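Chemist: Right, I'll just put the structure down here and ask away after.
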Amino acid sequence: MWLRRPMNDERSTILVVEDDRQTRKFLADNLKADGYEPLLAGTVDEALETVDARYPDLVLVDLGLPGRDGLELLEAIRTADPVASRIDATLPLLVLSGRANELHRLRTFERGADDVLPKPFSYPELRARIAALLRRAELRTRRGRLRIGALEVDPAARTAHLHGRAVPLSQKEFGLLRTLASEATRVFTKDELLRNVWGYRNLGSTRTLDSHACRLRRKLSREGEVFVINVWGVGYRLCDGLVGT
Numbered sequence: 001m002w003l004r005r006p007m008n009d010e011r012s013t014i015l016v017v018e019d020d021r022q023t024r025k026f027l028a029d030n031l032k033a034d035g036y037e038p039l040l041a042g043t044v045d046e047a048l049e050t051v052d053a054r055y056p057d058l059v060l061v062d063l064g065l066p067g068r069d070g071l072e073l074l075e076a077i078r079t080a081d082p083v084a085s086r087i088d089a090t091l092p093l094l095v096l097s098g099r100a101n102e103l104h105r106l107r108t109f110e111r112g113a114d115d116v117l118p119k120p121f122s123y124p125e126l127r128a129r130i131a132a133l134l135r136r137a138e139l140r141t142r143r144g145r146l147r148i149g150a151l152e153v154d155p156a157a158r159t160a161h162l163h164g165r166a167v168p169l170s171q172k173e174f175g176l177l178r179t180l181a182s183e184a185t186r187v188f189t190k191d192e193l194l195r196n197v198w199g200y201r202n203l204g205s206t207r208t209l210d211s212h213a214c215r216l217r218r219k220l221s222r223e224g225e226v227f228v229i230n231v232w233g234v235g236y237r238l239c240d241g242l243v244g245t
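In UniProt numbering, the protein residues as written are 1 to 245.
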C-alpha cells in the first residue's frame with residue numbers, strides 16, 4: 001500500500017520535466033494525490049520559464065528531452081546568477097535517467113543533480129526520495145533566513161518580512177537588501193554594491209544605487225524605525241531599526 005502525504009494549505013510545488021505525455025500524466029496524478037502541486041514542462045526552455053515564473057520547491061527532470069538535453073537544465077539552474085536571476089540556484093534537482101551506468105550518473109551529479117533515480121523506477125521509491133529532498137531543503141531554508149531586528153530576509157524565497165508582514169520589493173531592491181543583510185552592520189562601499197547587485201564593472205555614477213537605497217529605506221521605515229543607513233562618503237549598511245541616522 002502507498003502511504004499518501006497529508007494535504008495541507010501550503011502544498012509544495014514540484015516541476016515535472018518530461019516529454020512523454022503518459023509518463024508526465026502518471027507522475028502528475030500521483031504527485032497531486034500525495035498532496036503536492038505538480039507543474040508540467042516538456043522541454044528545457046519550458047522548464048526554465050516555469051522555474052523563473054513559479055518558483056517550484058523541487059524539479060523532477062528526465063534527461064532524455066527533445067532539443068536541449070536535461071543536463072543543460074541542471075547546469076542552467078546551478079549557474080543562475082544569485083542576484084540578477086529569479087532562479088534559485090540551490091533548488092533541489094531529482095533526475096530520472098534511463099542511462100544507468102556509473103559514469104553517466106557521476107556526470108549527472110557533477111552537473112548539479114541532488115539525486116538520480118534509474119528507470120524503470122517504482123513510484124513509492126520516487127515519493128520517498130522527493131520527501132527526503134524537500135526535508136533537507138526546508139532545513140536549509142530555515143537556516144538561511146537572515147534576521148535584523150524585526151526584519152526577516154529569506155534569500156531562497158526572495159522575500160522580506162517586517163513585523164511578520166511581507167514587504168513588496170523590486171528585483172534590485174531585494175538584491176540590495178540581501179547583500180546588506182548578508183553581513184548586517186557591516187558598511188558596504190558603493191563600488192561593492194554596484195558590482196554585486198548591478199554587475200557594473202566600469203563604476204561611475206552612483207545615482208542608480210542611491211535611488212534604490214532611498215526607496216528601500218522608505219519601504220522599511222515604519223513607526224520611526226530605520227534599517228538602511230547611509231554612511232556618508234562610503235556606502236550603506238543595515239541596523240536593527242532601533243537607531244536613527
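We put the beta carbon where it would ideally sit given N, CA and C, even for glycine.
Since this is a predicted model, take the numbers as computed values, not measurements.
Since Tyr236 contacts Leu180 with CB under 8 Å, what's their CB separation in whole angstroms?
Modeler: Rounded, the Cβ-Cβ distance is 6 Å, consistent with contact.
Chemist: What residues match up with Ser97 in a beta bridge as DSSP calls it?
Modeler: Pro118
Chemist: Using 8 Å as the threshold, is the segment 95 to 105 in touch with the segment 48 to 68, meaning 3 or more CB pairs across them?
Modeler: Verdict: yes, contact present.
Chemist: Is the distance from the Cβ of Cys239 to the Cβ of Val231 below 8 Å?
Modeler: no
Chemist: Just to confirm before moving on: does the CB-CB distance between Tyr216 and Leu162 stay below 8 Å?
Modeler: Note on identity: in this sequence residue 216 is Leu, with Tyr being the wrong assignment. Result no, Cβ atoms of Leu216 and Leu162 do not sit closer than 8 Å.
Chemist: What would DSSP say about Glu225, mapped onto helix, strand or coil?
Modeler: coil
Chemist: Go ahead and label Thr208 buried or exposed: buried means 16 or more other beta carbons lie within 10 angstroms of its beta carbon, across all protein chains shown.
Modeler: Exposed.
Chemist: Any idea what DSSP makes of Asp191, helix, strand or coil?
Modeler: helix
Chemist: Go ahead and label Ala113 buried or exposed: buried means 16 or more other beta carbons lie within 10 angstroms of its beta carbon, across all protein chains shown.
Modeler: buried
Chemist: Can you tell me whether Val16 is buried or exposed, with buried defined as 16 or more other CB within 10 angstroms of its CB?
Modeler: buried
Chemist: Can you have a look at Thr108 and say buried or exposed, based on whether 16 or more other CB atoms are within 10 angstroms of its CB?
Modeler: buried
Chemist: Would you call Pro38 buried or exposed, if buried means 16 or more other Cβ atoms sit within 10 Å of its Cβ?
Modeler: With 16 or more other Cβ atoms within 10 Å, it is buried.
Chemist: Let me make sure I understand the geometry here. Which of Ala28, Ala160, Leu134 and Thr13 has the alpha-carbon closest to that of Asp19?
Modeler: Ala28
Chemist: On the criterion of 16 or more Cβ atoms from any shown chain inside 10 Å, does Glu110 qualify as buried, or is it exposed?
Modeler: exposed
Chemist: What span of residues does the alpha helix (DSSP H) with Arg24 cover, start to end?
Modeler: Arg21 to Ala33
Chemist: Which residues does DSSP pair with Asp62 in a beta bridge?
Modeler: Leu96
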